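Okay, so here's the structure we're looking at.
Residue numbers (the numbering used here): -18 to 120.
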């Protein structure tokens, strides 16, 4: 059984090295435990049960904290950056009609759940396709 578990460790370790997405690292660790267990216990069913259960337990307990620690924060793109910014309405926005807003020096098509007149200051809520969803700026 030693060679079987060694082959599993090598295969899963290679898979983890290729993907770099924390896919199989927990099963590499559980296969290592099963490999060590194979020196003391010759029952494959118990070794395999330890491999599966320990791999699942390790994954459930450590995946979220490891991902939070290892994966860098998503950097905002130019589009994400304008969310929350102030803009000025350059063309009236009606409930069922798209208007125009100038944000960060650029003109955007904009929609709103309430009518907003030209010259009003608005806040960008989100981006829907190529349109901004905005609301009146309140201070």
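Even glycine gets a Cβ: it sits at the ideal position worked out from N, Cα and C.
Given the structure is predicted, the values throughout are model-derived calculations rather than measurements.
(message) Under 8 angstroms, with one C-beta from each stretch per pair, do the region 88 to 105 and the region 66 to 74 reach the 3-pair mark?
(response) With the cut-off at 8 angstroms, the region 88 to 105 and the region 66 to 74 touch.
(message) To test your reading of the DSSP string, which unbroken alpha helix (DSSP H) runs of 4 or more residues are found completely within the region 35 to 105?
(response) 59 to 62
(message) Can you tell me whether residue 1 is helix, strand or coil according to DSSP?
(response) As a working note, residue 1 is residue 20 in the chain shown. Per DSSP, reduced to three states, the secondary structure at residue 1 is coil, with no helix or strand assignment.
(request) Going by DSSP, name the residue or residues bridged to residue 108. (result) Mapped onto the chain shown, residue 108 falls at position 127. Note: residue 108 sits in a beta bridge opposite 113.
(request) Return the first residue and the last residue of the alpha helix (DSSP H) that residue 22 is part of. (result) Against the chain shown, residue 22 aligns to sequence position 41. Here residue 22 belongs to no alpha helix (DSSP H), and DSSP marks it neither H nor E.
(request) Out of -7, 12, 11, point me to the one whose CA is closest to residue 4's CA. (result) Taking the chain shown and counting its residues from 1, one reaches residue 4 at position 23. The shortest C-alpha separation from residue 4 is found at -7.
(request) Go through its chain and collect everything with a Cβ distance to residue 33's Cβ below 7 angstroms, but skip five positions before and after it. (result) On the chain shown, residue 33 is found 52 positions in, with the first residue counted as 1. Closer than 7 angstroms at Cβ, skipping near neighbours: no residue.
(message) Tell me the rounded alpha-carbon separation between residue 86 and residue 66.
(response) In the chain shown, counting from the first residue as 1, residue 86 sits at position 105. In the chain shown, counting from the first residue as 1, residue 66 sits at position 85. In a straight line, the C-alpha of residue 86 is about 12 angstroms away from that of residue 66.
(message) Please classify residue 49 as buried or exposed, where buried requires at least 16 other C-beta atoms within 10 Å of its C-beta.
(response) The sequence position of residue 49 within the chain shown is 68, counting from 1. With fewer than 16 Cβ atoms within 10 Å of its Cβ, residue 49 is classed as exposed.
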